[in-house]
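**Student:** Under the UniProt record's numbering, the residue at position 57 of the sequence shown is numbered 57, and the numbers go up by one with no gaps. Below you'll find the structure I mean.
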Amino acid sequence: MAQKKSGGSTRNGRDSNPKNLGLKKNFNNFVKPGDILIRQRGNIFYPGINSYIGKDYTIISKIYGFMFFKKIKKKKYIYVL
1 MAQKKSGGST RNGRDSNPKN LGLKKNFNNF VKPGDILIRQ RGNIFYPGIN
51 SYIGKDYTII SKIYGFMFFK KIKKKKYIYV L
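Printed below as a string of C-alpha coordinates:
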(Lines of atoms letter the chains of each structure in order from A and count residues from 1; the text may use other names and numbers.)
(Lines give C-alpha, C1' and ligand atoms only; values in the text may rest on other atoms or scores of the structure.)
Protein backbone atom coordinates (compact mmCIF):
# COMPACT_ATOMS: atom_id res chain seq x y z
CA MET A 1 0.00 0.00 0.00
CA ALA A 2 1.04 3.53 -0.61
CA GLN A 3 2.31 5.36 2.43
CA LYS A 4 1.08 8.80 1.28
CA LYS A 5 -2.30 10.45 1.79
CA SER A 6 -4.06 11.91 -1.21
CA GLY A 7 -3.75 15.66 -1.74
CA GLY A 8 -6.68 17.85 -0.82
CA SER A 9 -8.63 19.84 -3.38
CA THR A 10 -8.84 23.61 -3.46
CA ARG A 11 -11.63 25.99 -4.41
CA ASN A 12 -9.30 28.86 -5.33
CA GLY A 13 -6.99 29.22 -8.30
CA ARG A 14 -9.08 31.22 -10.78
CA ASP A 15 -8.49 34.72 -12.04
CA SER A 16 -9.90 36.62 -15.01
CA ASN A 17 -7.71 38.23 -17.64
CA PRO A 18 -7.22 42.02 -17.42
CA LYS A 19 -9.63 44.06 -19.57
CA ASN A 20 -7.42 47.18 -19.85
CA LEU A 21 -10.24 49.70 -19.45
CA GLY A 22 -9.94 53.41 -18.73
CA LEU A 23 -8.29 56.50 -20.16
CA LYS A 24 -5.66 55.86 -22.83
CA LYS A 25 -4.95 59.55 -23.49
CA ASN A 26 -5.17 62.36 -20.95
CA PHE A 27 -6.55 65.90 -20.99
CA ASN A 28 -4.76 68.21 -23.44
CA ASN A 29 -2.77 65.36 -25.03
CA PHE A 30 -2.12 65.47 -28.78
CA VAL A 31 -4.00 62.68 -30.59
CA LYS A 32 -4.05 61.31 -34.14
CA PRO A 33 -6.99 59.94 -36.16
CA GLY A 34 -7.82 56.43 -34.97
CA ASP A 35 -6.25 56.86 -31.52
CA ILE A 36 -8.21 55.19 -28.74
CA LEU A 37 -9.08 57.80 -26.13
CA ILE A 38 -11.11 55.74 -23.65
CA ARG A 39 -11.99 52.05 -23.24
CA GLN A 40 -15.15 51.54 -21.21
CA ARG A 41 -18.04 49.22 -20.45
CA GLY A 42 -21.23 51.11 -21.27
CA ASN A 43 -21.61 54.83 -21.85
CA ILE A 44 -19.72 56.50 -19.02
CA PHE A 45 -18.21 59.05 -21.42
CA TYR A 46 -19.93 60.18 -24.62
CA PRO A 47 -18.29 61.18 -27.92
CA GLY A 48 -18.26 64.90 -28.63
CA ILE A 49 -16.88 66.91 -31.54
CA ASN A 50 -14.40 64.99 -33.74
CA SER A 51 -14.68 61.72 -31.84
CA TYR A 52 -16.86 58.67 -32.33
CA ILE A 53 -17.90 55.59 -30.40
CA GLY A 54 -17.04 51.99 -31.34
CA LYS A 55 -19.26 48.95 -30.92
CA ASP A 56 -17.71 48.14 -27.53
CA TYR A 57 -18.20 51.78 -26.35
CA THR A 58 -14.58 52.71 -27.09
CA ILE A 59 -14.20 56.41 -27.91
CA ILE A 60 -11.88 57.06 -30.86
CA SER A 61 -10.40 60.25 -32.34
CA LYS A 62 -11.39 61.37 -35.87
CA ILE A 63 -8.77 64.08 -36.48
CA TYR A 64 -5.39 65.39 -35.38
CA GLY A 65 -5.82 67.61 -32.34
CA PHE A 66 -5.93 67.89 -28.58
CA MET A 67 -8.28 65.95 -26.31
CA PHE A 68 -10.66 67.82 -24.00
CA PHE A 69 -13.41 66.88 -21.54
CA LYS A 70 -16.71 68.72 -21.22
CA LYS A 71 -19.64 68.11 -18.87
CA ILE A 72 -23.13 69.00 -20.14
CA LYS A 73 -26.21 68.13 -18.05
CA LYS A 74 -24.48 65.40 -16.01
CA LYS A 75 -22.99 63.78 -19.16
CA LYS A 76 -19.24 63.73 -19.76
CA TYR A 77 -18.19 64.36 -23.37
CA ILE A 78 -14.82 63.85 -25.06
CA TYR A 79 -13.82 66.46 -27.66
CA VAL A 80 -10.87 66.59 -30.04
CA LEU A 81 -10.05 70.12 -31.21
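Beta carbons are placed, not taken as given, at the ideal position from N, Cα and C, and that holds for glycine.
Looking at the secondary structure, which residues open and close the beta strand (DSSP E) in which R14 lies?
**Tutor:** Where R14 is concerned, there is no enclosing beta strand (DSSP E), given that its DSSP letter is neither H nor E.
**Student:** Can you name the start and end residues of the beta strand (DSSP E) that S51 belongs to?
**Tutor:** Element bounds for S51: 51-53.
**Student:** Applying the criterion that 16 or more other CB atoms from any shown protein chain within 10 Å of the CB defines a buried residue, is G48 buried or exposed?
**Tutor:** G48 comes out buried.
**Student:** With distance defined between alpha-carbon atoms, name the residue in I59, Y77, G65 nearest to K24.
**Tutor:** The option with the nearest alpha carbon to K24 is I59.
**Student:** Beta strand (DSSP E) containing P33: first to last residue?
**Tutor:** Note, P33: premise wrong, no beta strand (DSSP E); not H, not E.
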